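Notes for the one structure printed next.
Numbering (the numbering used here), first residue to last: 971 to 1506.
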């Protein structure tokens, strides 16, 4: 007898097709049968050792978070309710060009400091890996939800070239090609870049193109955080589309949006660009989160030249008064490349977390608010925070536009990604709320997307981008990564004031046929594993 039958569920199968009523039988981690309208037809209903009454609930494939920053959280936090409670059954990590494999001892220490604001310093993690394969093996010991990995181009460059702003030599380029190839062979699904973050931003297009050719040869995709989401946003998108075309590499645009005042209402221009490329045969997808503010680290806003040489050199430059004044001039008067070419508007920069609890008074306030309270300039506050917290502060950037968010989420190649940073006292609510916010706010309350279409954005579309042959749909033979939610009540609990509140209306989540959420509570099940590239 099979393990589980889910009775009388309203199945939204991930294809975009209309919902239907069915009993769904799960056994051995897979969907073994689907009996449609069993009760109405009066036919023999399937039996199992356990029955779950799903009356009034939607059964859908598990949600795939196409842009996650859980690289260390998956290891340090077995509970991981931030994602499991949202119905996320697979996260794509290794994002924005910076993560923890492949590394050597030197690079690991540098990367840990560089992205402490994303993932914490990692003092509570045993870094017993160096290669991509070893990191994926570590995940395979058991995690809350599944995870796929992107080879981080910035980390690769740090390992092969260092943190200098210069072109790679041919030998260094060959080293990077080899590192990317090894990562792909060991199971990575593609490569990411962070082209407003050091050292990845120092790579010119020709270098990126060569690495993308390697990725394409393994059937992977390129996922860039491109060079500007501000003054040069449209040109930055064009650059990535052309680069992917030149490399003949599938392209997935990370947290694709149009931010800052210069881009208000300009989403249609981006979509026109993408539609033209798609019509010409390009393989392009994108992800977004359903919120207007962005989230990153404070140090990321500095000009690229200030980051040359790595974290220690940044600290030295900030400590030197003359150099710090030069940094301020670039940020406030010119608009640095780190801040997307837009002169700083400190009233939009809210401190969301610090590594040092002694600096907690700054959290929840904009830099401008803290400056006024202290009788200081905004740059004085920002510089103090960077030095005192050793580059660890995280920020919210209130620079988005609702009309752009809605326009992009409607596009046919759109997928969902939280870009969830779980660090800090007041993280962005997207880390805990992205997927229920899509379903509750944008589907039920606003009607921006029909339910069936939205679920397809969050399930089958990302599975197709990841080339997963047995995930993303409710189909017989597919893996039983499933979510049961109440369409009338599903909603994000997280807010800007209380960002760590779990969602409502998602009582059950299964990973590999096992309940990781049951009756709205996290179980002790660690059914997640690495999801490795399927050879093409």
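The beta-carbon is built from N, C-alpha and C at its ideal position, and this holds for glycine as well. Computed from a predicted model, the values in this text were never measured in an experiment.
Classify residue 1314 as helix, strand or coil using the three-state DSSP reduction. Along the chain shown, read from residue 1 onward, the residue named residue 1314 stands at position 344. Residue 1314 falls in the coil class under three-state DSSP.
Less than 8 Å between the beta carbons of residue 1311 and residue 1202, yes or no? Here residue 1311 corresponds to residue number 341 of the chain shown, with the count starting at 1. Here residue 1202 corresponds to residue number 232 of the chain shown, with the count starting at 1. Against a cut-off of 8 Å, the Cβ pair of residue 1202 and residue 1311 comes out as a contact.
Residue ranges of each beta strand (DSSP E) run of no fewer than 3 residues wholly in the segment 1132-1197, ordered along the chain? 1160-1164, 1191-1195
What residue range is occupied by the uninterrupted beta strand (DSSP E) comprising residue 1455? Taking the first residue of the chain shown as position 1, residue 1455 is located at position 485. Counting along the chain, the beta strand (DSSP E) containing residue 1455 begins and ends at 1452-1455.
Tell me which residue opens and which closes the alpha helix (DSSP H) that residue 1230 is part of. Here residue 1230 is taken as the residue at index 260 of the chain shown, counted from 1. Note, residue 1230: premise wrong, no alpha helix (DSSP H); not H, not E.
Using a 10 Å radius around the Cβ and a threshold of 16 neighbouring Cβ atoms, would you call residue 1007 buried or exposed? Counting from 1 along the chain shown, the entry for residue 1007 is found at position 37. Residue 1007 should be labelled exposed.
Please specify which runs of the beta strand (DSSP E), each continuous and at least 3 residues long, are wholly inside the segment 1391-1441, giving them in chain order. none
Just to confirm, is the Cβ distance from residue 999 to residue 1449 under 8 Å? In the chain shown, residue 999 corresponds to position 29, counting from 1. In the chain shown, residue 1449 corresponds to position 479, counting from 1. Yes, the Cβ-Cβ distance between residue 999 and residue 1449 is below 8 Å.
At the level of alpha carbons, what is the spacing between residue 1453 and residue 987? Working through the chain shown from its first residue, we reach residue 1453 at position 483. Working through the chain shown from its first residue, we reach residue 987 at position 17. Approximately 17 Å between the Cα atoms of the pair.
Please check the pair residue 1268 and residue 1352, which I expect to be a contact at CB under 8 Å, by giving their CB distance rounded to whole angstroms. The residue labelled residue 1268 in the question sits at position 298 within the chain shown. The residue labelled residue 1352 in the question sits at position 382 within the chain shown. Their Cβ separation, rounded to whole angstroms, is 6 Å, which keeps residue 1268 and residue 1352 in contact under 8 Å.
Alpha helix (DSSP H) segments (min. 4 residues) lying fully within the segment 1039-1067: 1043-1046, 1051-1054
Helix, strand or coil: which one does DSSP assign to residue 1119? Taking the chain shown and counting its residues from 1, the one referred to as residue 1119 is at position 149. Note: residue 1119 maps to strand in three-state DSSP.
Grab me the residues of residue 1370's own chain with a C-beta within less than 8 Å of its C-beta, minus the 5 sequence neighbours each way, in chain order. Along the chain shown, read from residue 1 onward, the residue named residue 1370 stands at position 400. Hits under 8 Å: 1227, 1229, 1261, 1262, 1263, 1264.
Excluding five sequence neighbours on each side, which residues of the same chain lie with their C-beta closer than 8 Å to the C-beta of residue 1307? Within the chain shown, residue 1307 is the residue found at index 337, counting from 1. Around residue 1307: 1166, 1171, 1197, 1198, 1273, 1274.
If you draw a straight line from the alpha carbon of residue 1504 to that of residue 1279, how long is it in whole angstroms? Residue 1504 sits at position 534 when you count from the first residue of the chain shown. Residue 1279 sits at position 309 when you count from the first residue of the chain shown. So the two alpha carbons sit approximately 37 Å from each other.
Exposed unless 16 or more other CB atoms sit within 10 angstroms - verdict on residue 1080: Here residue 1080 is taken as the residue at index 110 of the chain shown, counted from 1. The residue is buried, with at least 16 neighbouring Cβ atoms inside 10 Å.
Based on the DSSP secondary-structure assignment, which residues constitute the bridge partners of residue 1498? Taking the chain shown and counting its residues from 1, the one referred to as residue 1498 is at position 528. According to DSSP, residue 1498 bridges with 1113.
Return the CA-CA distance between residue 1241 and residue 1256, expressed in angstroms with no decimal places. Here the question's residue 1241 lines up with position 271 in the chain shown. Here the question's residue 1256 lines up with position 286 in the chain shown. Taking the straight line from one Cα to the other gives about 11 Å.
Is residue 1353 helix, strand or coil when you go by DSSP? Within the chain shown, residue 1353 is the residue found at index 383, counting from 1. Of the three classes helix, strand and coil, the one that applies to residue 1353 here is helix, per DSSP.
Please specify which runs of the beta strand (DSSP E), each continuous and at least 3 residues long, are wholly inside the segment 1355-1383, giving them in chain order. 1364-1367
Which of the three DSSP states is assigned to residue 1467 in this structure? Looking up residue 1467 in the chain shown gives position 497. If DSSP states are grouped into helix, strand and coil, residue 1467 belongs with coil.
Of the choices 1436, 1443, 1437, 1439, whose alpha-carbon is the least far from that of residue 1423? In the chain shown, the residue the question calls residue 1423 occupies position 453. Ranking the options by Cα distance to residue 1423, first place goes to 1443.
Selection from 1176, 1131, 1050 that minimises the alpha carbon distance to residue 1116: Stepping through the chain shown from its first residue, residue 1116 is reached at position 146. The shortest C-alpha separation from residue 1116 is found at 1050.
Cβ-Cβ distance between residue 1071 and residue 1099 below 8 Å: Position 101 of the chain shown, counted from the first residue, corresponds to residue 1071. Position 129 of the chain shown, counted from the first residue, corresponds to residue 1099. For residue 1071 and residue 1099, yes; Cβs fall inside 8 Å.
Which residue's Cα is closest to the Cα of residue 1244: 1295, 1074, 1214, 1233? For the purposes of this step, residue 1244 is identified with residue 274 of the chain shown, where counting begins at 1. Looking at the Cα atoms, 1214 is the closest of the given residues.
Residue 1306 - DSSP class collapsed to helix/strand/coil: Against the chain shown, residue 1306 aligns to sequence position 336. If DSSP states are grouped into helix, strand and coil, residue 1306 belongs with coil.
Sub-8 Å separation of residue 1473 and residue 1461 beta-carbons: By one-based count along the chain shown, residue 1473 stands at place 503. By one-based count along the chain shown, residue 1461 stands at place 491. Contact: yes.
Along the chain, where does the beta strand (DSSP E) that runs through residue 1297 open and close? For the purposes of this step, residue 1297 is taken as the residue at position 327 of the chain shown. Note, residue 1297: premise wrong, no beta strand (DSSP E); alpha helix (DSSP H) at 1291-1299.
So which of 1043, 1037, 1288 has the shortest CA-CA distance to residue 1394? The residue labelled residue 1394 in the question sits at position 424 within the chain shown. Comparing Cα positions, the closest option is 1043.
Assuming residue 1302 and residue 1314 are in contact, meaning their beta carbons sit under 8 Å apart, how far apart are those beta carbons, in whole angstroms? The residue you call residue 1302 lines up with position 332 of the chain shown. The residue you call residue 1314 lines up with position 344 of the chain shown. The pair is a contact, with the Cβ atoms about 5 Å apart (cut-off 8 Å).
With C-beta atoms as the reference, is residue 1335 less than 8 Å away from residue 1346? Looking up residue 1335 in the chain shown gives position 365. Looking up residue 1346 in the chain shown gives position 376. No, Cβ-Cβ distance for residue 1335 and residue 1346 is not below 8 Å.
Is it buried or exposed, residue 1389, if we count other Cβ atoms within 10 angstroms and call 16 or more buried? In the chain shown, counting from the first residue as 1, residue 1389 sits at position 419. Its Cβ being crowded by 16 or more others within 10 Å, residue 1389 is buried.
Return the Cβ separation of residue 1046 and residue 1095 in integer angstroms, given the expectation that the two are a contact with Cβ distance under 8 Å. Walking along the chain shown from the start, residue 1046 turns up at place 76. Walking along the chain shown from the start, residue 1095 turns up at place 125. Correct: roughly 6 Å between the Cβ atoms.
What first and last residue would you give for the alpha helix (DSSP H) that runs through residue 973? Within the chain shown, the letter at position 3 stands for residue 973. Counting along the chain, residue 973 falls outside any alpha helix (DSSP H), though it belongs to the beta strand (DSSP E) covering 972-981.
Candidates 1501, 1475, 1391, 1033: which alpha carbon is nearest residue 1426's? In the chain shown, counting from the first residue as 1, residue 1426 sits at position 456. Answer by Cα proximity: 1033.
Keeping to the same chain, check which residues put their C-beta closer than 6 Å to that of residue 1232; ignore five residues upstream and five downstream. As a working mapping, residue 1232 is identified with position 262 in the chain shown. The answer, listed in chain order, is 1201.
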